[in-house]
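Participant: Got a structure for you, written out below as structure tokens; questions coming shortly.
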Amino acid sequence: MTTSAPLRRLPVGATYNLRDVGGYPIGGAARTRWGRLFRSDAARFTADTDLAGLGLRTVIDLRDDVEVVALPTGLDAVVPTVVRRPLDPRALLGTLDDGSSDPLGELYVALIRERGPRLAEIVSDLAAPGALPALVHCAAGKDRTGVVIALVLSAIGVPDDVVATDYALTAEYLTAEFFASVHAESGATDSADETLRGARPESVTALLRVLADEYDGARAYLVGHGVPDEAIDRLHAALTD
């Protein structure tokens, strides 16, 4: 897709929440590159969409089997590599504190603590030579995708407040119509519970705080779960202007 100026949200396919994570500060004058990493909800893509204009080489689908069967995206017909990496947050929902003021923050922290090897596998997929441009998506592009994108951005040096702001943009795009359609079509965990539909920056900030306090940051977390330092360096270079 060629435009006179980069777009944050992309009107491609039947998506509500397809976004480019380019243009974010990393340090000094450096910024994340536009057109290299995208995040999205799930949608049906067909040959008459302009998805091909994104030049995707890799798609990472974080949904489980039930969701994939209920809503096939068709991406395998237009993207060279489509990888299934289900994160399975459903099993973690029962561990959340019923009285929590931030159940989403608790869920994201639980994903960090309980899904380390899978999260490292996903980041390794993105860091593989030739993997970019890439799209990461789940059902809503909010919870599972939000955790993965937060990890990637934080690991390459994007400041916490910017990572949280990127996450919170989801609240602008996921409408009541979206949640109704997801519930009807896929039963996705991302949006099945009314209390889990928000996207407040505090929720991803809670995740980033745990990464800093318990793992010495996102990069150390990923290295500790098996992502080589050189793979993160390669991802940093590929995502940096």
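The sequence shown: position 41 = 40 (numbering that gives the first Met the number 0), numbered continuously.
Backbone N, C-alpha and C define an ideal beta-carbon position, used for all residues, glycine too.
Keep in mind the model is a prediction, meaning the values are calculated, not measured.
#1: Quick one: what's Asp19 bridged to in DSSP?
#2: Based on Cα-Cα distance, which residue from Tyr23, Leu50 and Ala69 lies nearest to Ala76?
#3: Whose CA, out of Glu105, Ala170, Asp228 and Arg56, lies closest to the CA of Val82?
#4: Roughly how many angstroms lie between the CA atoms of Gly197 and Ser100, to the nearest whole one?
#5: Output the residue ranges of the alpha helix (DSSP H) runs that lie fully inside the segment 147 to 178 and measure 4 residues or longer, sorted by chain position.
#6: Using only the alpha-carbon positions, how far apart do Val67 and Gly73 sit?
#7: Whole angstroms are fine: how far does the CA of Ala28 sit from the CA of Leu207?
#8: Please name the residue or residues paired with Val58 in a DSSP beta bridge.
#9: Mapping DSSP to helix, strand and coil, what is Arg117?
#10: Within its chain, find whatever has a CB closer than 7 Å to the CB of Asp63; leave out the 5 residues flanking it on each side and keep chain order.
#11: Pick from Ala205, Gly223 and Pro158: whose alpha carbon is nearest that of Pro116?
#12: What is the C-beta distance between Asp165 and Leu152, in whole angstroms, given that I count them as a contact (C-beta under 8 Å)?
#13: Could you spell out the range, first to last residue, of the beta strand (DSSP E) harbouring Arg24?
#14: Nearest CA to the CA of Arg38: which residue from Thr45, Val11 and Pro24?
#15: Please report the distance separating the alpha-carbon of Ser123 from that of Asp97.
#16: Taking just the CA atoms, how far does Ala138 sit from Pro71?
Facilitator: Taking the definition as stated:
#1: Here residue 19 refers to the residue found at position 20 of the sequence shown. Note: Asp19 sits in a beta bridge opposite Phe37.
#2: As a working mapping, residue 76 is identified with position 77 in the sequence shown. Nearest option by C-alpha distance: Leu50.
#3: For this step, residue 82 is matched to residue 83 along the sequence shown. Closest by alpha carbon: Arg56.
#4: Working through the sequence shown from its first residue, we reach residue 197 at position 198. Working through the sequence shown from its first residue, we reach residue 100 at position 101. So the alpha carbons of these two residues sit roughly 12 Å apart.
#5: Counting only runs of at least 4 residues, the segment 147 to 178 fully encloses the following alpha helix (DSSP H) elements, listed from N- to C-terminal order: 159 to 167 and 169 to 172.
#6: Here residue 67 refers to the residue found at position 68 of the sequence shown. Here residue 73 refers to the residue found at position 74 of the sequence shown. Near 10 Å, if we compare the C-alpha coordinates of Gly73 and Val67.
#7: Residue 207 sits at position 208 when you count from the first residue of the sequence shown. Residue 28 sits at position 29 when you count from the first residue of the sequence shown. Taking the straight line joining both Cα atoms gives about 23 Å.
#8: Reading the sequence shown from its first residue, position 59 is the one you call residue 58. For Val58, which the question treats as bridged, DSSP gives the partners Val81 and Leu134.
#9: Counting from one through the sequence shown, the residue named residue 117 turns up at place 118. Helix.
#10: Residue numbering aside, residue 63 sits at position 64 when the sequence shown is read from its first letter. Cβ within range, chain order: Pro85 and Asp87.
#11: In the sequence shown, counting from the first residue as 1, residue 116 sits at position 117. That would be Gly223, whose Cα lies nearest to the Cα of Pro116.
#12: Against the sequence shown, residue 165 aligns to sequence position 166. Against the sequence shown, residue 152 aligns to sequence position 153. So it is a contact: roughly 7 Å between Cβ atoms.
#13: Residue numbering aside, residue 24 sits at position 25 when the sequence shown is read from its first letter. Correcting the residue identity first, residue 24 is Pro in this sequence and not Arg. For Pro24, the enclosing beta strand (DSSP E) stretches over residues Pro24 to Gly26.
#14: Here residue 38 refers to the residue found at position 39 of the sequence shown. For Arg38, the nearest C-alpha among the options comes from Val11.
#15: The residue you call residue 123 lines up with position 124 of the sequence shown. The residue you call residue 97 lines up with position 98 of the sequence shown. Those two C-alpha atoms are separated by around 34 Å.
#16: For the purposes of this step, residue 71 is identified with residue 72 of the sequence shown, where counting begins at 1. For the purposes of this step, residue 138 is identified with residue 139 of the sequence shown, where counting begins at 1. Going by the C-alpha atoms only, they are around 11 Å apart.
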